[in-house]
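Q: My questions all concern the structure below.
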Amino acid sequence: MRSFAGVVQEKGSEPGVALLQHLGATIRLPASSSPVIARDQSWGVAAVAHLSTNAAALIERDGNASLAGNIRLDDRASLARELGDSPPNANDYELTLRAWRRWGSSFVDHLFGDYSFVIWDGDAHELLCVRDRFGVRPFFYAQTKYGLTFSDSLAAILAHPETEADSLDDGAVADYLLHGVSNDAAATIYKNVRRVPPGHMLVFHPGGDVSVRAYWQPREAGNEPLRDDAAPHLERALEEAISDRVAPSASAVIFMSGGLDSTTLAALAHESIPRLQITAATTVYRTRIPDEEERYAVEAARSIGIPLHCFPLDDYGPLRALDEGLWMPEPGPLLMAPMTRDLYSFAASIAPAALHGHPADALLIAEMIPFLMRLLRRGELVRFASALIRYTAVRRRPPYFLLRHLLRRSSGAPYPTALPDWLNPSFAQRLRGRSLAVEAESEGLRPHTIDALRSAIWSSYFEWAHPLMTGAAIEVHYPFCDQHVTDVLLSVEPIPALIGKHVLREILRGRVSETIRRRRKRNLQGDPWTMDLGDRDISIDAAAPYIDAVRFRAACRDAGSLAGSALRAVALDYWLRNRPSHARSIAARMP
C-alpha cells in the first residue's frame, strides 16, 4: 500500500527537492517509510509505503520512463503470460510499466484491479495518470502556474504552494448540502482542484492542456444472460477476487454486518483460504436507536466459525467531529471522521487488510420489468411464464409489481431533489439550470444498475476509507469491484438470481445458518444522524455566501432538531470557518 505526490513543470524546469520533500511529508502516516524522491527533466515525484514494502522499488523505472503509484492487479499471472518477456517474479509495478511499453495507451485495457498511478515518459515529455475502473484508489490533480501537481492525497495537492484553492465549486457545495457527496466524479469542493474520475486516464504535456478521457464504463453483458448456473459462476469469481486481494496476508478483517453481502465474503474467505486468520468486525447501536444487526452478526459469525468484534457507535454523535475540532480537506467525510478514524484504527490493530461488501447493493438490483418486457416483445411466452413462476416461488407471493407497472407505466426514475428554502438566494440563482439529482440515463435490461455503478457515491466511500483519510495503516479491499465478479452479476437473469439477492442465498446454503440465509433486508429502525437542537449555537457566519442565516435558524427552530441537509449546513459553516487556519498551517510547513 503506497501513496505518491508529484509535479510536472515547464520543460527544462526541474522540480526542487525541497518541494518534493514537502509533498512527501503530507502523504506519510506514522508507520510509513521515508519518502523516496525521483526527478527527471520537468517531472518529480515523492512516494511512500504505508505497510511493509520494499522502499527501493517505490518508483519503477524502464529507460527514460518512470512509474509511481499504488497498484494491485487481479489475475497478474495472465497479464505476465500476455507480456511473454516479463521476468517470472515481476511485481505489479513492473508488469504495468511493461504493459505500457507493449501496448501504449491501450495498455489500460489489459489492467484489472485497484490502482492509481502515474507514468512519466521522458522521451515524449508526457505525463500519463490512470485511475482504476471503480475508483477504489483516489487520484487528485490541479493545474498550477507552471504545470501540474498530482497525488492520491487531496491534502498533498493543497500543500503545493501554487495550488489555487480559494474559490469553491458551487455545484460541489450544493451536492454536499443535499446529498453529502458530489454527483460529479471529477469535482472536488475546490473549483481549481479536480479528480481523475473512475475508469479515466489523464494526459498532460508541460506547457499544454490537460486531456482526460474515459477508457472504461460499466455496461451490460452483450451475450444472453446466465440462467440456472449464476450461483456457481459468482462463487468462483468471488473466491478468486478474495484470493487476489488478501492471499498475501496472514490475517484479514471482514467488515461484516448480519446481511448477505459481507457474510458471503466472510464465508467464502474462511472456506477457500484456510490458513487466513479472519476476524469479523461490525458496527452496532445499543442505546441510541433500536438495532438488530448485532444479533444477526453474532449468529453469522458463529455459523461460519470466525471471531466477531462489535464496535458500538452510540457515543459518536452527529457533531462529534466539530466538538473534537477535527478538520478534513473536504467537508464530505467530516461528520463521520471520528467514527472512521477509530473503527479503522481498531481494525488495523488486528490485521493489515480488510474486506468490504461495497458496491454489492448496486450490482444486485433486481430490475425485473425491463427483462420481462423484453420477453413479451420477443414473444417468448414460455420463458415469461417460467420467470413469473420462479418469482412466485422465491418471494412466496404473486408478481403484483408487474400488474402495477402495466397499469401505471411507471418508469422508476428518481424524483428530482428540491433546493432547501434556506439557501442564500444568490447562491440558489447560480445553481439554476444545474441538475442536483442523479437522473437515470442508461437504457437496456439493467439501466438502474448501470447508473448506480456510475454514481460518484462509491468512489467517495472508497476515498473515505483510504489510509490517508482514516490515519490507519490498513488496506480495504472490495471483491465486488472485481471485473470478473461484475461481469457475472451484469450477465445473470434477474429472475430468480437477483430477487432479494437470491444468488447470494444460494451460495450461502449450507455455509451459514438458515436464520441468516433467509433473513430479509431491513433498514435501521431510527436515524442515528438526527440530534435534538437543544441550546446548540446554530449561527451561520462563514457559510453566509451559501446559506441564509435567518431562514436557516427559523427552519431549525421549527424542526426542533438537526438532520440531513441542516446537519451538513452546520458542518459546512464549521469547515469554512476553520479553513483559513489550516491553509496557514500548511503554508508554514513549506520549506
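With the first letter of the sequence shown counted as 1, position 553 gets the number 553 in this note's numbering; the numbers rise by one all the way through. C-beta atoms are modelled at their ideal positions from N, C-alpha and C, and glycine is treated no differently.
(1) Any idea if Asn-89 is buried or exposed, counting beta-carbon neighbours within 10 angstroms, 16 or more meaning buried?
(2) Which of helix, strand or coil does DSSP assign to His-356?
(3) Is the region 100 to 113 in contact with the region 186 to 195, if contact means three or more CB pairs nearer than 8 Å?
(4) Determine whether the Cβ of Leu-202 lies closer than 7 Å to any Cβ atom of chain B.
(5) Give a single yes or no on whether His-270 has its beta carbon closer than 6 Å to a heavy atom of the ligand HEM.
(6) Just checking, does the region 233 to 240 make contact with the region 475 to 488 on the three C-beta pairs under 8 Å criterion?
(7) Kindly list the residues whose CB is nearer than 6 Å to the CB of Leu-364, restricted to its own chain and excluding five residues on each side of it in sequence; keep chain order.
(8) Please confirm whether Trp-458 and Pro-359 have their CB atoms less than 7 Å apart.
(9) Quick one: what's got a C-beta closer than 6 Å to Ser-251's C-beta in the same chain, skipping five residues either side?
(10) Can you have a look at Pro-307 and say buried or exposed, based on whether 16 or more other CB atoms are within 10 angstroms of its CB?
(11) Quick one, are the C-beta atoms of Ala-353 and Glu-475 less than 7 Å apart?
(12) Look at Leu-127 and Phe-4 and say whether their C-beta atoms are less than 7 Å apart.
(13) Going by DSSP in three states, Gly-412 sits in which element: helix, strand or coil?
(14) For the candidate residues Ser-303, Asp-132, Asp-184, Phe-384, whose alpha-carbon lies nearest to that of Glu-493?
(15) DSSP state of His-120, grouped into three classes?
(16) Identify the continuous beta strand (DSSP E) that holds Phe-107 and give its terminal residues.
(17) Helix, strand or coil: which one does DSSP assign to Thr-279?
(18) Tell me Cys-310's beta-bridge partners as DSSP assigns them.
(19) Pick helix, strand or coil for His-205, following the three-state DSSP scheme.
(20) Near Thr-283, what residues of its chain come up, given a Cβ to Cβ distance below 7 Å and the 5 sequence neighbours on each side ignored?
(21) Whole angstroms are fine: how far does the CA of Val-246 sit from the CA of Val-512?
(22) Would Phe-346 and Val-136 qualify as a contact pair, given that the criterion is a beta-carbon distance under 7 Å?
(23) Using only alpha-carbon positions, find the residue among Ser-581, Asp-261, Val-550 that is nearest to Val-503.
(24) In whole angstroms, what is the alpha-carbon distance linking Ala-124 and Asp-170?
(25) State the Cα-Cα distance for the pair Ser-182 and Gly-379, rounded to the nearest angstrom.
(26) Tell me, please, which residues DSSP counts as bridged to Arg-255.
(27) Is the CB-CB distance between Ile-506 and Arg-446 below 7 Å?
(28) Thinking C-alpha only, which one of Ala-418, Arg-288, Val-45 is nearest Phe-150?
(29) Going by the beta-carbon positions, is the gap between Asp-532 and Ser-561 smaller than 7 Å?
A: Concretely, from the data shown:
(1) The residue is exposed, with fewer than 16 neighbouring Cβ atoms inside 10 Å.
(2) coil
(3) no
(4) Given the protein chain composition of this structure (a single chain), no chain B is represented.
(5) With respect to the ligand HEM, the structure offers nothing, as it holds no ligand at all.
(6) Using a C-beta cut-off of 8 Å, the region 233 to 240 makes contact with the region 475 to 488, since at least three inter-stretch Cβ pairs fall below that distance.
(7) Leu-498, Lys-501
(8) For Trp-458 and Pro-359, yes; Cβs fall inside 7 Å.
(9) Gln-277, Ala-351
(10) exposed
(11) yes
(12) no
(13) Summary for Gly-412: the model assigns pLDDT 39, below 50, so the residue's position carries little reliability; its value from the coordinates is reported in the next sentence. Residue state, collapsed to three classes: coil.
(14) Phe-384
(15) The amino acid at residue 120 is misidentified as His; the sequence shows Trp. Secondary structure of Trp-120 (DSSP, three-state): strand.
(16) Where Phe-107 is concerned, there is no enclosing beta strand (DSSP E), given that its DSSP letter is neither H nor E.
(17) DSSP places Thr-279 in strand when its eight states are reduced to three.
(18) Thr-282
(19) coil
(20) Phe-311, Leu-313, Leu-343
(21) When rounded, the distance between both Cα atoms is 22 Å.
(22) no
(23) Asp-261
(24) 37 Å
(25) 43 Å
(26) According to the sequence displayed, residue 255 carries Phe and not Arg. According to DSSP, Phe-255 bridges with Ala-281.
(27) What sits at residue 506 in the sequence shown is Glu, not Ile. Not closer than 7 Å, so no.
(28) Selection Ala-418, Arg-288, Val-45 evaluated against Phe-150 yields Val-45 as nearest (Cα-Cα).
(29) yes
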